[in-house]
Structures are given as C-alpha cells and as structure tokens.
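Okay, structure first, notes after.
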Amino acid sequence: MRQQFAQGAGDGLGDVLSARELKHTVEQFAGPYRDRLYAPLTTLSLFMSQALSADGACQDAVARHLSERSALGVQQCSLNTGPYCRARQRLSLELIVQLQRQVGLRLEQGQPRAWRWRGRSVKLLDGTTVSMPDTPANQCVYPQNREQKPGLGFPLARLVALISLGSGAVLDWAMSACKGKGTGEHALFRELFDSLTPGDLIIADRFHCTYWTLAMLLAREVDVVSRQHSQRLNDFRRGQRLGRADHIVQWQRPQRPAWMDESTYALIPKTLHVREVRVNGWVLVSTMLDPAQASREELDRLYRSRWNIEVDLRSIKAVMGMDILRCKSPQMIKKEVAVYLLAYTLTRAVMAQAANLAQISARCLSFKGTVQILDAYHQQLRHAGSARTGVMIACVLGAIAQLRLVLRPGRIEPRAIKRRPKPHNLLTEPRHLARSKLIAQRERLLKVVP
283 MRQQFAQGAG DGLGDVLSAR ELKHTVEQFA GPYRDRLYAP LTTLSLFMSQ ALSADGACQD
343 AVARHLSERS ALGVQQCSLN TGPYCRARQR LSLELIVQLQ RQVGLRLEQG QPRAWRWRGR
403 SVKLLDGTTV SMPDTPANQC VYPQNREQKP GLGFPLARLV ALISLGSGAV LDWAMSACKG
463 KGTGEHALFR ELFDSLTPGD LIIADRFHCT YWTLAMLLAR EVDVVSRQHS QRLNDFRRGQ
523 RLGRADHIVQ WQRPQRPAWM DESTYALIPK TLHVREVRVN GWVLVSTMLD PAQASREELD
583 RLYRSRWNIE VDLRSIKAVM GMDILRCKSP QMIKKEVAVY LLAYTLTRAV MAQAANLAQI
643 SARCLSFKGT VQILDAYHQQ LRHAGSARTG VMIACVLGAI AQLRLVLRPG RIEPRAIKRR
703 PKPHNLLTEP RHLARSKLIA QRERLLKVVP
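First residue of the sequence shown: 283, per the numbering used here; consecutive thereafter.
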C-alpha cells in the first residue's frame, strides 16, 4: 500500500506514511479482526482505488482484487461485491481520518522552506457542497435544498477544508448538513481550530472576514489575509495612515450573536486593530499590521493565491468524482468522503516528492496527470520486488515531474458552460409517480389495440 503511493523511497517527503505509524494506527483504530479476505488495509486500499478510478464502482474494485490475487498465484476470490461492501462497513472511520491527518501533517512539516511564505505555513480555507443518493437515511441526516420538492432533489452535505498552500494537501476538514444550527461554514471552521498552530497564516474569502473569526484566530496567534466583507464600509480617511489607501483601523466588538455563550463573549476583546488595504480594485483585510512585514503588493499576491483552493476542490470533486457520492447511508457517506480526502492527500504527497526532487514548486505539477500515472503504474508499484522498488518509484516520480502546468497569471475566463445539455424533459414529480403514469398510459394503449 505504501509503495502504491511511492512511499518508502527515502526520508522526508518520501516517507510521510511510515510503516511503523501505519501499523500503529491500524492496531489503534481497527481493533481486533479475523484473517479475512478483506482485511482492514486491503479494504482501505481498494476503497482508495475506487476514489482514484474513473469507474468508481464496487464491482471494479473487486475485479482489481481478483486480478491482483491471480497475479500473485494465491486463491482467487469471488466477483460478488457483498463481502467487500460489508468489509467497507466494518472499516473504522477514525482509522481513515487519522491516517489522512497524519499524512497531511507530515507533509506540511516536511515541505521545503521555499514553499513557505517567509518561513510561515500558509493554509487556505474554503467550503463546498457534495450530493449523494436520494435515500431516506441520507435525507434524514443531510436534507435536500428546501427549494426542491420532495422526491425531486438530492441530499446535500457541506464540507469545509484547510488546505496547504505549499503542498496542496488537505490538513483537516469538517462536514455537516447544509441547514440547521451549527451547520454553517463559520461553525465548521471553528471545529478546525485545533489544527492551527501559532505562526500560521490563513487565507480566506470575504465570507470569513468577521470580527469573531479574526479575534479567535488572533487569540491563537494566527494571522489572516482576507477580502473585506461586502457589508462593511471603508473610509481610508480614518485610522492610522500607512500609505496610499493603506491604514490601520479599529473595529468595535458587535453584540453577542445567538450561537455564542456569554462566557466566550466575555473573552473576546472589545476592539481589534486590523489593516485595510485597497489594491488592484479590491479591499483586503489583514491582521499583519506592519508594512515591513507584508507590503501592499505582498498582501495582494497572498490573497490571489487563495484561488489554489478553488482548483484543489475542483480536482477533488471533478477529477476524482467526489461531487456525487455513491453510498446510501450517512455512516458510509462520511467514510467515502474521508477515503477521497486520504487518496487525494497521498496523491499530493507523491507530487510533493517529485517536485522536491526536481527542485520546483508542487503547485507547478498537474494533479490529473499524476492520478493517471499512478493508475497506470498501480499494479507494478504494489508488487515490485525489493530490487525493483526503487527503480519503479524513480520512474513514477520522474514522469510526474514532467507534468508541468502552463502558468497563466491574470487569466480571466467566463464562468459559463459552452456545451449544451441534451434536450431531455426535466423530472418534475417523484420518479415512482412518473413511472406509474407511464405504466397506466401503456395499459390504455394495449386496450385500444385489437
């Protein structure tokens, strides 16, 4: 499993998933288990193969397992997907989440200094939504959009992620329904505070530019760069002037929101000093007050790098296929998301290792191309003998290092789709009602025909 993601080829980025930590995590979270056809690591490996595969079906995963066992000359397994699906249900969610966080943390700690900003770890924050099969269990936990009629929509889940700017790895994430108390992006971001360390730098969109977010992050010695919230007015004639359209202003603490208890509200400072800068057509807000620490141009470049997380989430949802999940129960839905993010982070670890050896930025490499190469070398990596392991990993890393993206700074594209959808009628009533009408229509036609 480690060789599948080019791990074990050296120290540092080549060993972010060590054999000792992997064994310890399995013993800690998988619990005692029988010697089955689908052991925990075997099941997890097949589950990740599903996430990286263009097919993504359980039948494809079982067929891969059969092919692997046949190549090894061991007893073949059945193509029945039942045992594999039950093994996925037995798989511990904590095991998957812990492995993903370990890999993300090791990757963040081991990244070269050139990938940091002035020696600081830069973390990107954003949220997205994913849909899933329309089952009663999923609808109960992840209700569909209230604007859609029952039976015509799909359950939706909200996901908020912290992603490393340097390596692109997912460092932590939180998930909830899209409506209800404690399901907003702010609430989910607060669940990720324990993943932050003093000295970190958060880059977020304007939605997170609030008094409460900035105050709580400053209390953890974490700086923020964000775009100004649309509801806050800007007056550069006030405050401490630092330069043209650049000043330090004092924000007053608002009234206590309903979600915050009184004890927490009392700990929030009554005022905050923040820096506001107008540059290249937008107003940026930062808690880095010293212009020598970050100039106007540096703040602009930092905020523009936030677009990387949009591309990362698109890679997870579009390239890997997490946009539409497959599992039919809420428990399996969260496991499926965790497996997708683990597979994504391990793929980013391969890209980081290749970029480090080529002495380039990991952001210069193609994620989709890396997935294609890992899929092409899948069986060869997993079963390469000890004499061939280093050679195969070197071939993979060398190939990935050639997948360099064309940098197009300042590129502007319309957010629109050129290809038109097929002119099918939209389903405007529950499927079982539409099916009943079709059956009744066919029966009427059969009665008319002599």
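Glycine included, every Cβ here is placed at the ideal spot set by N, Cα and C.
Since the structure is predicted, the reported quantities are computational estimates derived from the model, not experimental observations.
Are residue 629 and residue 653 touching if we call contact CB-CB under 8 Å?
Closer than 8 Å, so yes.
Residue ranges of each alpha helix (DSSP H) within the region 589–644, 4 or longer
You should have 589–596 and 612–640.
Could you tell me whether the region 421–436 touches the region 352–367, using the rule of 3 or more Cβ pairs below 8 Å?
Touching, no.
Spatial neighbours of residue 303 in its chain, beta-carbon cut-off 7 Å, leaving aside the 5 residues before and after:
Closer than 7 Å at Cβ, skipping near neighbours: 384.
Sort out for me which residues DSSP pairs residue 522 with in a bridge.
Residue 522 has 530 as its beta-bridge partners, per DSSP.
Which of helix, strand or coil does DSSP assign to residue 462?
Three-state result, residue 462: coil.
Contact check, residue 373 vs residue 307, beta carbons under 8 Å
In this structure, residue 373 sits away from residue 307, with a CB-CB distance that is not shorter than 8 Å.
8 Å contact criterion, which residue 604 and residue 622 should meet: CB distance rounded
At roughly 4 Å, the Cβ-Cβ gap stays under 8 Å, so residue 604 and residue 622 are in contact.
Suppose the cutoff is 6 Å on Cβ atoms and the five residues either side in sequence are ignored; what does the same chain contact list for residue 618 look like?
Closer than 6 Å at the Cβ level, and outside the excluded window around residue 618, lie 607 and 609.
Assuming contact is defined by CB atoms lying nearer than 8 Å, are residue 515 and residue 506 in contact in what I supplied?
No, the pair does not count as a contact, with Cβ atoms beyond the cut-off.
With C-beta atoms as the reference, is residue 437 less than 8 Å away from residue 416?
Contact flag set, yes.
Which residues does DSSP list as the beta-bridge partners of residue 457?
BP columns for residue 457 point to 441.
DSSP-derived helix/strand/coil call for residue 288:
In the three-state reduction of the DSSP assignment, residue 288 falls in the coil class, being assigned neither a helical nor a strand state.
Do residue 674 and residue 666 count as a contact pair if the criterion is CB distance below 8 Å?
Pairing residue 666 with residue 674 gives a Cβ-Cβ distance under 8 Å.
When DSSP labels each residue in this structure, what does residue 555 get in the three-state scheme?
In this structure, residue 555 counts as strand in the three-state DSSP scheme.
Nearest CA to the CA of residue 517: which residue from 700, 531, 696 and 701?
The option with the nearest alpha carbon to residue 517 is 531.
Near residue 330, what residues of its chain come up, given a Cβ to Cβ distance below 7 Å and the 5 sequence neighbours on each side ignored?
Residues of the same chain with a CB within less than 7 Å of the CB of residue 330, apart from the 5 flanking positions on each side, are 621, 624 and 625 in chain order.
What are the boundary residues of the beta strand (DSSP E) that residue 509 is part of?
First-last of the beta strand (DSSP E) with residue 509: 505–509.
Based on the DSSP secondary-structure assignment, which residues constitute the bridge partners of residue 483?
Its beta-bridge partners are 404 and 505.
Whether residue 508 touches residue 490 by CB criterion (8 Å)
Going by C-beta atoms, residue 508 is nearer than 8 Å to residue 490.
Would the beta-carbon of residue 597 fall within 8 Å of that of residue 649?
In contact: residue 597 and residue 649 (Cβ atoms closer than 8 Å).
Cβ contact check for the region 519–529 and the region 474–488: 3 or more pairs under 8 Å:
Fewer than three Cβ pairs drawn from the region 519–529 and the region 474–488 lie within less than 8 Å of each other, which leaves the two stretches out of contact.
Would a C-beta distance cut-off of 8 Å place residue 410 and residue 447 closer than the cut-off?
No. Outside cutoff.
Would you say residue 588 and residue 485 are within 8 Å of each other, going by their C-beta atoms?
Contact: yes.
Which class does residue 304 belong to by DSSP, given the choice of helix, strand or coil?
Correct three-state label for residue 304: helix.
My assumption, with CB atoms under 8 Å, is that residue 402 sits in contact with residue 481. Please give the rounded CB distance.
Indeed, because the Cβ distance is near 6 Å, the residues count as touching under 8 Å.
Quick check: residue 708 and residue 716, are their CB atoms within less than 8 Å of each other?
No, Cβ-Cβ distance for residue 708 and residue 716 is not below 8 Å.
In terms of DSSP beta bridges, what is residue 560 paired with?
Beta-bridge partners assigned by DSSP to residue 560: 565.
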